[in-house]
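S.K.: Quick note on my numbering: the sequence shown kicks off at 1 and runs consecutively. What follows is a single structure, and I will ask about it in a moment.
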Amino acid sequence: MSMNDYVHITMFRKFSFSYHNCTIDSDTMKSEKLVKLFAYLLSHYQRTVPSNELIEMLWYLDDVDNPIGALKNLIYRLRALLKKEFGFTDFIITGKGSYAINLAYHLRIDTVEFEKYEKYLRDSSKPEYFEKFLNEYTGKYLVEIKEDHNTLSKRVYYHSLYMDKVVEYAKLLEDKQDYEKMETIAKRAIEIDN
């Protein structure tokens, strides 16, 4: 399967969802709640997410008269967008009081790749693992989502993990006296941090 057949999702720096030559992002979606819902479903793509969990995540600070209706409306808007932009009619599956991402689609999610290489680095300090790990992180997690505790916690977690690995890789490069590469990763980390 070629990488062209994958749905590419980025959550670092700015949310985007791409398939073949078409992309939607937080600007296209024009709704923080819609981005939040889609990002949450994609982050939990390997399981079915109960409606009450989605409602709690979306409106935990708000008093909504009909949260089930509001959720159904958001799901409808998301499905309509996916159908219009990509022709996807079955990307989000409805279950009994739940929603899930259709696993027939092949996903490539930057946060999943980032976590995968972080796990590899626990067992091995291979430079190629560091390179792949560091290249996945293109900026802070879901910056378009404001005032959400879970998103902010993940943002801090991912950023801290990234900075720790930058330091770890820099030390490895220093031991190898590869100062040019060390300078390159340090400059990139500073650019991303600003």
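Where is the CB? At the ideal position from N, CA and C, for every residue including glycine.
Could I get the ranges of all uninterrupted beta strand (DSSP E) runs contained in the stretch 23-98, with 3 residues as the minimum, in chain order?
M.R.: 92-95
S.K.: Is DSSP giving Tyr6 helix, strand or coil here?
M.R.: coil
S.K.: Between Thr138 and Arg13, how many whole angstroms is the CB-CB distance? I'm expecting something under 8 Å.
M.R.: About 4 Å separates the two Cβ atoms, so the contact holds.
S.K.: Could you tell me the distance, in whole angstroms, from the CA atom of Ile55 to the CA atom of Ser26?
M.R.: 20 Å
S.K.: Could you give the first and the last residue of the continuous beta strand (DSSP E) run that contains Tyr19?
M.R.: Ser16 to Tyr19
S.K.: Alpha carbon to alpha carbon, what distance is there between Leu152 and Lys146?
M.R.: 8 Å
S.K.: At which residues does the beta strand (DSSP E) containing Arg108 begin and terminate?
M.R.: Leu107 to Ile109
S.K.: Closest to Asn150 by CA distance: which of Lys72, Thr10 and Tyr40 is it?
M.R.: Tyr40
S.K.: Could you give the distance in angstroms between the alpha-carbon of Leu74 and the alpha-carbon of Thr23?
M.R.: Thr23 has its alpha-carbon roughly 19 Å from the corresponding atom of Leu74.
S.K.: Given that a residue counts as buried once 16 or more other Cβ atoms are within 10 Å of its Cβ, and exposed if not, what is Leu173?
M.R.: buried
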